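Below is one structure, written out as structure tokens, with a few remarks after it.
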Amino acid sequence: MGLTPSVWAGKADSDARINGLRVWSGPDHTRAVFDLSAPVEYRLFRLDNPPRVVLDLNNTRLQTRLQVNNNADIRSIRHGRQGKHNLRLVFDLKKNQRARSFLLPPNEKYGHRLVVDLSDVKSTQKVKKSAQTTHDKHRDVVIAVDAGHGGEDPGATGASGTREKHITLAIARQLARAINAEPGMKAILIRDGDYYVGLRKRFEKARKHQADLFVSIHADAFYDPKVHGMSVYVLSQKGASSEAAKWLARSENKSDLIGGVKLDDKDALLARVLLDLSQNAAMEASQKVAKEVLTALSKIEKPHKKHVEKANFAVLKSPDVPSILVETAFISNPQEEKRLKNHRFRQQVATAILDGIRNYFYQAPPPDTWIANRVKASKDQPGRHIVARGETLSGIAQKYRLDVHSLRKANKKKNDHIRSGEVLVIPTG
Ligand SMILES: [Zn+2]
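Start counting the sequence shown at 77; every next residue gets the next number (this note's numbering).
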């Protein structure tokens, strides 16, 4: 009472404070996030020999210890005062890097933040043409596996503190391993560490690798801890339409290949038609894969909903790569949180997702793939059977009403060992 703001807000008290520092590294960038008590005015510049990034912050005080442990890019962070109220932070880098920075307003988890992104100078990394890797001229089906959230974005948190971002990464890695063990399939991980990748960047990475499928892994939360079960999502029609408009509006997108065609030299109507065609094909495929994956997951437990759900998720908006999102469980449900932490349960989930994916690609293999060739071989020569995962020799024998000995003999097998993707001769007569 009676205190006017100018008296009350003495200069020193109006300084913003840095209350914390968090650092994450990805394969080609490092992100440092400073927690601030208020937005700050600052300037960022780079110095060479040795490489450094300098941040000059006006009216700012340091209220935390700046510590960086074993970072791929940052050797150390130093600080010093500049005059009475200004603060200088110096990042000593291990190599020359591009630096970008921006302020973030508060959200429900954090307050004001200053973000510094360091990325490799030659950041247009060579992308290995994964889709072209061949054995006997037929390429692998490429599955992009996306671990939801990461780094600054922890996702949902379970009652006992489990972070969704760690669970999704663990499942994604297990799924990628299972895919890579599968003949004719190859996985790429959209993120392989605790760092954030922008939502559009995620599907752009999948497109760059010419992925045949994009699978995003999540483990979400609901305010009711009793809610449980898995769900599988595809993009809604509304999400697809708004995305189409966005693609056509942006000229840099048009010079990109969409489903194998460039849109930039087409008139507006034709471009729209071509984009719709590729989007519809991708959405139809998404729906089919999602259904197969949901069916496979239902064998572990009753799913949250019996049908594939539709939502306007940004990460699913690739215009030409079929995309699905799997909610593996509700991390907000204490029992499911416990299961998600269990390696064996996660392996069950990964195996079921792969079962669904496999079923889809053996029904609709992309041309020129090893799987397409296998399927064709079995159709051209009646009396062949492609082994699906989990099948046994005796099970196959039963299916064709054979005894297992003659099946073994026809395939010159000494034992009952079979691999998924293997083509078996089915004796006739
Ligand atoms: Zn999530």
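C-beta: ideal position from N, C-alpha, C; glycine also. Remember, predicted model here, so these are calculated numbers, not experimental data.
| request: Within the same chain, show all residues whose beta-carbon is closer than 6 Å to that of L133, passing over the 5 residues directly before and after it, in chain order. | output: Numbered from 1 along the sequence shown, position 57 holds the residue referred to as residue 133. Only V116, Y118 and L163 meet the Cβ criterion.
| Just how far apart, CA to CA, sit A347 and L138? | The residue you call residue 347 lines up with position 271 of the sequence shown. The residue you call residue 138 lines up with position 62 of the sequence shown. Cα to Cα, A347 sits roughly 54 Å from L138.
| Residue interval of the alpha helix (DSSP H) (run including N509) | This structure does not reach residue 509, given that the chain is present from 77 up to 505, and the question cannot be answered.
| message | At the level of alpha carbons, what is the spacing between N487 and P230? | response | Translated into the one-based positions of the sequence shown, residue 487 becomes position 411. Translated into the one-based positions of the sequence shown, residue 230 becomes position 154. Taking the straight line from one Cα to the other gives about 51 Å.
| Sequence ranges, beta strand (DSSP E) only - wholly within the region 225–304, length at least 3 | 261–265 and 289–294
| message | Suppose you measure from the CA of V192 to the CA of T106; what does that come to, to the nearest Å? | response | Translated into the one-based positions of the sequence shown, residue 192 becomes position 116. Translated into the one-based positions of the sequence shown, residue 106 becomes position 30. V192 and T106 have their C-alpha atoms roughly 8 Å apart.
| query | How close, in whole Å, do the beta carbons of Q173 and V197 come, if the pair is a contact with beta carbons under 8 Å? | reply | As a position in the sequence shown, residue 173 is number 97, starting the count at 1. As a position in the sequence shown, residue 197 is number 121, starting the count at 1. Indeed they touch by this definition, with Cβ atoms about 6 Å apart.
| task | May I have the straight-line CA-CA distance separating N95 from G432, to the nearest angstrom? | result | Start at 1 with the first residue of the sequence shown, and residue 95 comes out as number 19. Start at 1 with the first residue of the sequence shown, and residue 432 comes out as number 356. The alpha-carbon atoms of N95 and G432 are separated by roughly 47 Å.
| said: Assuming D132 is part of the beta strand (DSSP E), what are its boundary residues? | reply: Reading the sequence shown from its first residue, position 56 is the one you call residue 132. Its beta strand (DSSP E) spans residues R128 to L133.
| Bridge partners of L163, per DSSP? | Residue 163 sits at position 87 when you count from the first residue of the sequence shown. Per DSSP, L133 and R157.
| DSSP beta-bridge partners of L346 | On the sequence shown, residue 346 is found 270 positions in, with the first residue counted as 1. According to DSSP, which records beta bridges pairwise, L346 is partnered with nothing at all.
| Within the present structure, is the beta-carbon of P168 separated from the nearest heavy atom of ligand 1 by less than 7 Å? | The sequence position of residue 168 within the sequence shown is 92, counting from 1. A quick correction: the sequence has Asp, not Pro, at residue 168. No, ligand 1 has no heavy atom inside 7 Å of this Cβ.
| message | Looking only at its chain, what residues have a beta carbon closer than 6 Å to the beta carbon of Y272, apart from the 5 residues adjacent to it on each side? | response | For this step, residue 272 is matched to residue 196 along the sequence shown. Excluding residues within five positions, the ones whose Cβ falls inside 6 Å are G226, G227, E228 and D229.
| request: Have a look at N539 and V130 and give me their C-alpha separation to the nearest angstrom. | output: Any question about residue 539 goes unanswered here, given that the chain covers just 77 to 505.
| said: For Q474, count the other beta carbons within 10 Å of its own beta carbon; 16 or more makes it buried, fewer makes it exposed. Which is it? | reply: Here residue 474 refers to the residue found at position 398 of the sequence shown. By the 10 Å Cβ count, Q474 comes out exposed.
| message | Quick check on this structure: which residue in I266, S236 and I243 has the alpha carbon closest to the alpha carbon of E280? | response | One-based indexing of the sequence shown puts residue 280 at position 204. Measuring from the Cα of E280, the nearest candidate turns out to be I266.
| query | Closest to V99 by CA distance: which of L373, P503, L194 and E385 is it? | reply | Numbered from its first residue, the sequence shown carries residue 99 at position 23. Ranking L373, P503, L194 and E385 by Cα distance to V99 puts L194 first.
| Using the beta-carbon count (16 or more within 10 Å), is T210 buried or exposed? | Here residue 210 refers to the residue found at position 134 when the sequence shown is read from its first residue. For T210, the pLDDT reaches just 40, beneath the cut-off of 50, and the residue's location in the model is therefore unreliable, although a value from the coordinates is still provided. That one is exposed.
| field | Through-space distance from A220 to I243, alpha-carbon basis | value | Taking the first residue of the sequence shown as 1, we reach residue 243 at position 167. Taking the first residue of the sequence shown as 1, we reach residue 220 at position 144. In a straight line, the C-alpha of I243 is about 17 Å away from that of A220.
| request: Entirely within the region 465–496 and at least 3 residues each: give me those beta strand (DSSP E) ranges in chain order. | output: none
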